[in-house]
Structures are given as structure tokens and as C-alpha cells.
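**Q** Heads up: the protein sequence lines correspond to chains A and B, in order.
Just so we're aligned, residue 1 is where the first sequence starts under the UniProt record's numbering, counting upward by one.
Just so we're aligned, residue 1 is where the second sequence starts under the UniProt record's numbering, counting upward by one.
One structure, pasted below without further comment.
There are 2 protein chains.
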Amino acid sequence: MSDLLERLRGRGWRMTAQRRVVAEVLGGEHVHLTADEVHSRAVAKLPEISRATVYNTLGELVSLGEVLEVSTDKRAKRYDPNAHRPHHHLVCAQCGAIRDVHPSGNPLADLPDTERFGFTVSDVEVTYRGICPNCAAA
Amino acid sequence: MSDLLERLRGRGWRMTAQRRVVAEVLGGEHVHLTADEVHSRAVAKLPEISRATVYNTLGELVSLGEVLEVSTDKRAKRYDPNAHRPHHHLVCAQCGAIRDVHPSGNPLADLPDTERFGFTVSDVEVTYRGICPNCAAA
DNA sequence: GCTCGACTTGGACTGAGTCCAATGCGGGCT
DNA sequence: AGCCCGCATTGGACTCAGTCCAAGTCGAGC
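Structure (C-alpha cells):
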């Protein structure tokens with residue numbers, strides 16, 4: 001994910017240890033982390049990093065479009081580093097597990113003009129809900 | 001919306017002034033209220049009603065399937081009394097306005113088996129985002 | 001009209017996130 | 001290399017939405 005760092009530098013970001021750490025955490029294997037999870041993983045690499053900085057950095061990454069905010073769960077926002085490949089989410093109603101999915105078809109096209117009420121529609125967010133195999137077995 | 005009250009009675013609900021008021025508020029013209037908005041409207045009709053009761057009642061209505069919880073906005077859950085006609089939401093990214101929409105086609109069908117990872121998928125939630133005419137004009 | 005248990009109350013509590021004034025430090029300039 | 005400016009970070013207080021709980025209330029079946 002050092003290409004992410006490159007892109008950020010290119011956008012005039014001042015490169016600080018904290019931002020590097022947050023970017024690294026998002027680049028790791030775990031997807032869909034909450035802000036607090038990002039923070040605690042970041043603390044492991046850079047003990048003095050503060051919660052506020054993690055929130056700031058995540059917010060900036062989101063507004064740059066490098067990271068996606070998903071709120072499948074009602075408790076906390078989650079951050080999805082996989083922002084460059086459009087995808088949707090499949091959530092287990094029981095355990096909260098999240099998977100990325102790629103439906104066929106474009107739901108944007110399913111919204112007829114008569115149902116747009118003059119809005120300029122730019123984005124769709126689709127969340128499928130169900131029971132994951134683990135929870136079904138239990 | 002007194003048919004709602006009927007249905008609730010039929011399900012063994014004890015009919016209290018508080019529950020009646022909450023049901024009335026949801027039956028009014030306003031849709032997509034937050035819990036706090038429901039509470040303040042309820043207080044107008046029944047000053048002693050407590051926040052806890054409003055939350056309880058909303059929660060019960062949701063689990064009975066009479067009301068839908070929507071979380072388009074990251075701040076607070078909103079409650080949508082229009083639970084009996086399946087629909088999705090169109091949200092203004094600027095002012096937060098919400099409209100109900102009825103897309104053609106069923107997004108559930110767009111999720112191929114290969115993308116279900118063994119989940120039993122039972123529900124989809126679609127949120128369209130864009131700019132409403134008002135905000136576009138401003 | 002009594003009684004019992006479901007319902008309500010309100011205040012304390014939690015968890016997620018935001019704000020802000022003081023301080024630190026990246027990096028362009030010389 | 002060293003300075004300096006201003007962007008970034010810090011941490012602690014604060015807000016906002018929602019949950020919890022023990023005590024008190026009251027709907028409705030008998």
C-alpha cells in the first residue's frame with residue numbers, strides 16, 4: 001500500500017509518522033475496521049498516536065476518496081480501504097460479519113427518472129443482510 | 001393509523017397512553033423522524049413521557065415489523081412507519097433530506113449465488129445518494 | 001374494585017465521535 | 001545544515017445517541 005502513500009504525497013499531504021501508520025494499518029489484511037480498531041492497531045506501532053489524529057486521518061482519507069466509510073452496523077462506522085473497486089456489502093444479521101460482494105447489474109440504472117425527484121444521483125450503497133454459514137450452523 | 005393500534009392490540013400489547021402517543025406521532029405526516037424527534041413530538045401530546053419509553057416503544061415496533069429503522073445519516077437512527085410497502089431511500093448528501101423511492105427490479109436478484117458465500121440472504125437495503133434540487137440551486 | 005405483572009420513569013451510564021487550545025514537527029527556503 | 005512557518009498532533013473535556021436499571025405506576029382480566 002505504499003502507492004497509497006505516494007498518492008497522498010502527490011496530493012500535498014505532509015507525511016507524518018502518524019499518517020503513515022494509519023495508512024499501513026488500512027493496508028494490512030484486515031478490512032472493515034472500526035475507527036477504534038484502527039486506533040488500537042496504530043497504537044501498537046506508534047504508542048503515542050492519539051484517537052483524535054486517527055479520526056482526523058480517516059476523515060481525510062475518506063474525503064480524498066481513498067477509503068470508504070461503511071455503516072452496516074449501527075454502532076460504529078467502519079473503514080473500507082478497498083475504495084477503488086466499486087462493491088457492496090453482505091452482512092450477517094447475527095454476528096455482524098461483513099463480506100465484500102460484486103453484484104451483477106448496476107442498481108443506479110434501476111432508479112427511473114420519475115423516481116429521482118430532481119435529485120442528481122451520484123452514488124448507491126447496497127447492503128445485503130442475511131445469516132452467515134457459521135451462524136446458521138450454530 | 002388507528003389500524004396500527006388495532007394490530008398492536010391483537011398482538012397482546014397492553015395499550016398505554018404512551019404507546020398510543022408514539023403510534024400517533026409515527027402516523028402523522030412526518031416520515032423518517034429520529035428517535036429524539038419522535039420523543040419531542042410525543043412530549044407535546046403527553047408531557048410526562050420519557051425518552052426511555054419512546055426508545056422502548058420504537059424498538060418494539062421495529063421488532064414487530066411495523067416500523068423500519070433506517071440509518072442513512074450517520075448520526076441518529078430514523079424511523080420509517082412505511083414498513084409495509086418495500087422501498088428504498090434517496091438521500092441528499094448536502095442537507096440530508098430523505099425521499100422514499102421504488103426502484104424497478106429487485107436488487108436481491110442481482111446477487112449471484114457465487115457471491116453469496118453460503119449466506120442465507122433475506123434482505124437488501126439500498127441507499128441512493130445525490131444532491132437534491134434545493135441544494136443544487138443554492 | 002383488586003391484583004399482578006407488564007409498562008414507565010428518570011437519572012446515571014456507555015460508546016462513538018467531535019472540538020479546541022497548546023504544542024510539535026515536516027519540509028521549503030536560504 | 002539550520003530556521004521558521006504553518007500544518008498536524010495531542011489529550012482531555014464535551015456532545016450526542018442510545019442503553020440500563022431499580023423503583024413506582026397502572027391496564028385489564030377476574
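Glycine included, each C-beta is placed from N, C-alpha and C at the ideal position.
#1: Classify VAL124 (chain A) as helix, strand or coil using the three-state DSSP reduction.
#2: ALA83 (chain A) to VAL43 (chain B), Cα distance in whole Å?
#3: If you compare alpha carbons, which of A:VAL54, A:LYS74, A:HIS102 is closest to ASP36 (chain A)?
#4: What residue from B:CYS92, B:ARG85, B:PHE117, B:LYS77 has the CA that sits closest to ARG129 (chain B)'s CA?
#5: For ARG51 (chain B), which residues from the same chain have a beta carbon less than 7 Å from its beta carbon, with the 5 sequence-adjacent residues on both sides left out?
#6: What is the DSSP secondary structure of GLY130 (chain B), reduced to helix, strand or coil?
#7: Tell me whether VAL70 (chain A) counts as near the ligand MN, meaning its Cβ is closer than 7 Å to at least one heavy atom of that ligand.
#8: Quick one: any contact between the stretch 95-110 of chain B and the stretch 58-65 of chain B, if contact means 3 or more CB pairs under 8 Å?
#9: Quick check: the Cα distance between ALA97 (chain B) and PHE119 (chain A), rounded to an integer number of angstroms?
#10: Would you list the residues sitting across from ILE98 (chain A) in a DSSP beta bridge?
#11: Assign ASP73 (chain A) to one of three DSSP states: helix, strand, or coil.
#12: Is the beta carbon of ARG78 (chain A) sitting closer than 8 Å to the one on HIS32 (chain A)?
#13: Give every residue of the same chain whose Cβ lies closer than 6 Å to the Cβ of ALA76 (chain A), excluding the five residues on either side of it in the sequence, and list them in chain order.
#14: When you check each C-beta in the stretch 58-83 of chain B against every C-beta of chain A, which residues fall closer than 7 Å?
#15: Would you verify that the beta carbon of residue 192 (chain A) is, or is not, closer than 8 Å to some beta carbon of chain B?
#16: Check each residue of the stretch 96-127 of chain A: if its Cβ is closer than 8 Å to any Cβ of chain B, include it; give the result in chain order.
#17: Within a Cβ cutoff of 7 Å, which residues of the same chain sit near ASP80 (chain B), ignoring the five residues on either side of it in sequence?
#18: Using a Cβ-Cβ distance cut-off of 8 Å, determine whether ALA138 (chain A) contacts chain B.
#19: For residue 139 (chain B), which residues in chain A fall below 8 Å Cβ to Cβ?
#20: Consult DSSP for ARG51 (chain B) and reduce its assignment to one of helix, strand or coil.
#21: Taking Cβ to Cβ, would you say ARG20 (chain B) is nearer than 8 Å to TRP13 (chain B)?
#22: Let's test the definition: count the other Cβ atoms within 10 Å of the Cβ of THR57 (chain B) and tell me whether it reaches 16, buried, or not, exposed.
#23: Of all the options B:GLU6, B:CYS95, B:LYS74, B:ARG99, which has the alpha carbon lying nearest to the alpha carbon of THR114 (chain A)?
#24: What do you reckon, are the CB atoms on LEU108 (chain B) and VAL126 (chain B) nearer than 8 Å?
#25: Quick one: list the residues of chain B neighbouring PRO86 (chain A), beta-carbon separation under 8 Å, in chain order.
**A** This is what the structure gives:
#1: strand
#2: 44 Å
#3: A:VAL54
#4: B:CYS92
#5: HIS39
#6: DSSP, read as helix, strand or coil, puts GLY130 (chain B) in strand.
#7: Only the bare structure without any ligand can be found here, which leaves the ligand MN out of the picture.
#8: no
#9: 11 Å
#10: A:VAL91
#11: Secondary structure at ASP73 (chain A): coil, using DSSP grouped into helix, strand and coil.
#12: The answer is yes: Cβ separation under 8 Å.
#13: So the list reads THR34, once near-sequence residues are dropped.
#14: Along the stretch 58-83 of chain B, the positions whose C-beta sits under 7 Å from a C-beta of chain A are SER71, LYS74, LYS77, read in chain order.
#15: A query on residue 192 (chain A) cannot be resolved here, the shown segment of chain A reaching from 1 to 138 and no further.
#16: Of all residues in the stretch 96-127 of chain A, only ARG99, VAL101, HIS102, PRO103, SER104, GLY105, PRO107, LEU108, ASP110, LEU111, PRO112, GLU115, ARG116, PHE117, GLY118, PHE119, THR120, VAL121, SER122, ASP123, VAL124, GLU125, VAL126, THR127 come within less than 8 Å of chain B when Cβ atoms are compared, listed by chain position.
#17: VAL31, HIS32, VAL67, LEU68, VAL70
#18: no
#19: The first residue shown for chain B is 1 and the last is 138, placing residue 139 (chain B) beyond what the model contains.
#20: helix
#21: no
#22: buried
#23: B:ARG99
#24: no
#25: At a beta-carbon threshold of 8 Å, none of the residues of chain B lie near PRO86 (chain A); the nearest stands roughly 13 Å away.
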